[in-house]
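Working notes for the structure below.
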Amino acid sequence: MAIAVTALAMCALLQGCAGPARSATELRAAAGTAASGAPSPQSGVTTPREGDATVANYKFRDGETIDQLKLHYTLLGEPHKNQKGVVDNAILLLHWTGASSKALLTPEFQQSLFAPGAPFDVTRYLVIIPDAIGHGQSSKPSDGLRSRFPHYGYGDMVDLQHKLVTETLGISHLRAVVGMSMGCMNAWQWAEAYPSAMDGIMPVACFPAPISGRNLLWRKIIVDQIKSDPTWNGGNYRQQPPAAAAAASIARMMIDGVSHLQEEVTTPGQADQFIQAVKAQSSGGDANDLIYSLEASQDFNGEPHLGNITAKVYAVNFADDEFYRDSLGILQRGMTKVQHGRYVVRPTTDDSTGHLSMTHPALWKDKAQTFTKWLNAN
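Under our numbering, the residue at position 77 of the sequence shown is numbered 93, and the numbers go up by one with no gaps.
Right under this line is the structure:
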């Protein structure tokens, strides 16, 4: 098996896989005027449509503001309206740290999740995939503000996602919120902040608890390493700090599966190949963007309000994910507080890759199918 693509570089490697852009006005018009009844397979539902929501003078939770904020997003499928004229088939799909909507449009995602008969079949569902603040084509430090960019948290991400869904797209209720890693934590936040806004959530590869242990340490090590680089210059560097490339190797090692790396990297030469491959994959990244995205997780803590969740929760973790080890019992403990909660830990297999398993939906599409069947059981 070839060395898997690093999640932190996924967005840069997948340029050009989305379809033609449409304005927010055009996309909202499509949602507002769609006729009742299932969309026709001939309507081009598998063609991604991109759009941008723009917000003037946006205020973040810590009080910082930005003159103009852009939130980029991609739509798959078409909206369906119920007898009351309300869109009832929208699924919000949320990406992981360092990625974007493009990372969720690969052939594997298309076949595993969006194809006819797949869990989020886009002939049945409208799938909304936003680029989180600080990621992809949404506003981020590397756009020009650098270290003067407002410091956002996961709470800000969810606030903006909600604003996109309700105000830009005019959708008052979601069928589901599904997210991986960072998006997984965002899904928990959605269910707590907006308990009546969705029928269910599917958090993939995270705990509802604050980031701690290995997961917190590697983030701090990477941020400290970059900021200690002599070329860092307080975030106003002329060229990418060399420490950022080394940080990518650390991140790639940490998020991969221990068993997978044990098989893939067995000689010093293979270790060198691994490091060089990661450097090449991460060459298009930006140090400020990386730091902001890693530090954004510091405001996350879903534990205190788990009992307030009224939506169905189907949590999926992986047995070989060293960040979210089943043996810690954190997910199990949290799920006892959820009113309508189920969880599953996928066992380690030859093709699983630790935390990176969440980037391979072929490994967990059966879990997503179970989730959608549960949602449709009422």
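Glycine included, C-beta positions come from ideal geometry on N, C-alpha and C.
Three-state secondary structure (DSSP) at residue i?
i	result
Asp245	coil
Thr375	helix
Ile217	strand
Gly48	Low per-residue confidence applies at Gly48: pLDDT is 41, beneath 50, and the placement is therefore not dependable, though the value from the model is reported in the following sentence. Correct three-state label for Gly48: helix.
Leu190	strand
Leu347	helix
Ile238	helix
Tyr170	helix
Phe290	helix
Met26	Here the model assigns Met26 a pLDDT of 34, short of 50, so the residue's position is not dependable, and the following value carries that caveat. Note: Met26 maps to helix in three-state DSSP.
Ala207	helix
Leu233	helix
Glu42	Only weak support exists for where Glu42 lies, its pLDDT of 42 falling under 50; the value from the coordinates is given anyway. Helix at Glu42.
Thr352	coil
Gln255	coil
Glu338	coil
Leu185	coil
Ala37	Note that Ala37 has pLDDT 36, beneath the 50 cutoff, so the model's placement of it is unreliable and the number below is only indicative. Strand.
Asn324	helix
Gln177	helix
Gly285	helix
With distance defined between alpha-carbon atoms, name the residue in the options nearest to residue i.
i	options	result
Leu185	Ser212, Lys236 and Ile144	Ile144
Arg191	Ala203, Met198 and Glu183	Ala203
Asp240	Val294, Ala303 and Ile82	Ala303
Lys243	Ala262, Leu232 and Gly229	Ala262
Gly101	Val174, Gly171, Ile187 and Leu85	Ile187
Ala313	Thr139, Trp112 and Asp272	Looking at the sequence shown, residue 313 is not Ala but Ser. Answer by Cα proximity: Trp112.
Val103	Arg140, Asp78, Asn73 and Pro64	Arg140
Glu319	Tyr74, Ile291 and Thr352	Thr352
Val354	Ser163, Glu279 and Tyr330	Tyr330
Val71	Phe290, Ile82 and Ser275	Ile82
Pro226	Leu372, Ile291, Asn249 and Glu311	Glu311
Asn252	Thr63, Arg162, Gln348 and Val174	Arg162
Trp234	Leu322, Lys381, Gly93 and Glu338	Glu338
Lys381	Gly79, Leu109, Ser128 and Pro64	Ser128
Pro166	Leu120, Leu121, Asn231 and Asn73	Asn73
Ile346	Gln292, Arg230, Ala287 and Pro224	Pro224
Met270	Ile107, Asn231 and Leu121	Asn231
Ala384	Gln126, Val194 and Leu121	Val194
Thr386	Tyr359, Leu277, Asp366 and Thr283	Tyr359
Ile107	Ala393, Ser228, Gly323 and Ala213	Ala213
His356	Tyr168, Asp288, Gly323 and Thr365	Gly323
Asp159	Thr283, Tyr340 and Gly301	Gly301
I need the boundaries of the beta strand (DSSP E) containing residue i, first residue and last residue.
i	result
Phe387	Element bounds for Phe387: not the beta strand (DSSP E) but the alpha helix (DSSP H), Lys381 to Leu391.
Asp83	Thr81 to Leu92
Pro258	Element bounds for Pro258: not the beta strand (DSSP E) but the alpha helix (DSSP H), Pro258 to Ile271.
Val143	Leu142 to Pro146
Grab me the residues of residue i's own chain with a C-beta within less than 7 Å of its C-beta, minus the 5 sequence neighbours each way, in chain order.
i	result
Tyr210	His178
Ala40	In this prediction, Ala40 has a pLDDT of 41, which is less than 50 and means its spatial position is unreliable; what the coordinates show is noted afterwards. Around Ala40: Gly67, Asp68, Ala69 and Thr184.
Asp215	Arg191, Ala192, Ala327, Lys328 and Leu391
Asp172	Phe76, Arg77 and Ile149
Ile307	Val239 and Ile242
Gly229	none
With which residues is residue i paired in a DSSP beta bridge?
i	result
Arg65	Leu91
Tyr330	Arg358
Gly195	Leu110 and Pro219
Lys97	Val103
Lys75	Thr81
Thr70	Lys86
Return the chain-ordered list of same chain residues with a C-beta closer than 6 Å to the C-beta of residue i, the five sequence neighbours on each side being excluded.
i	result
Gln153	His88 and Asp147
Ser155	Leu85 and Lys86
Val361	Asn333, Ala335 and Asp342
Ala260	Ile242 and Ala303
Ser116	Cys27, Asp147, His151 and Gly152
Val220	Met196, Cys200, Val332 and Met374
Ala207	Ile217, Ile325 and Ala327
Thr90	Ala34, Pro64, Glu66, Ser117 and Ile145
Val181	Ile187
Leu277	none
At which residues does the alpha helix (DSSP H) containing residue i begin and terminate?
i	result
Asn304	Ala303 to Glu311
Gln127	No alpha helix (DSSP H) contains Gln127, which DSSP labels as neither H nor E.
Phe276	The question names Phe, yet the displayed sequence has His at residue 276. That run of the alpha helix (DSSP H) goes Val274 to Glu280.
Give me, in chain order, the residues of the same chain whose beta-carbon lies closer than 8 Å to that of residue i; leave out the 5 immediate sequence neighbours on both sides.
i	result
Gln255	Thr247
Asp272	Ala20, Thr369, Gly370, His371 and Leu372
Pro258	Asp245 and Thr247
Run the proximity test for residue i: is its beta-carbon closer than 7 Å to any non-hydrogen atom belonging to the ligand FMN?
i	result
Ala203	The ligand FMN is not part of this structure, which contains no ligands at all.
Output yes if chain D places a C-beta closer than 8 Å to the C-beta of residue i; else output no.
i	result
Ala261	No chain D is part of this structure, which consists of one protein chain only.
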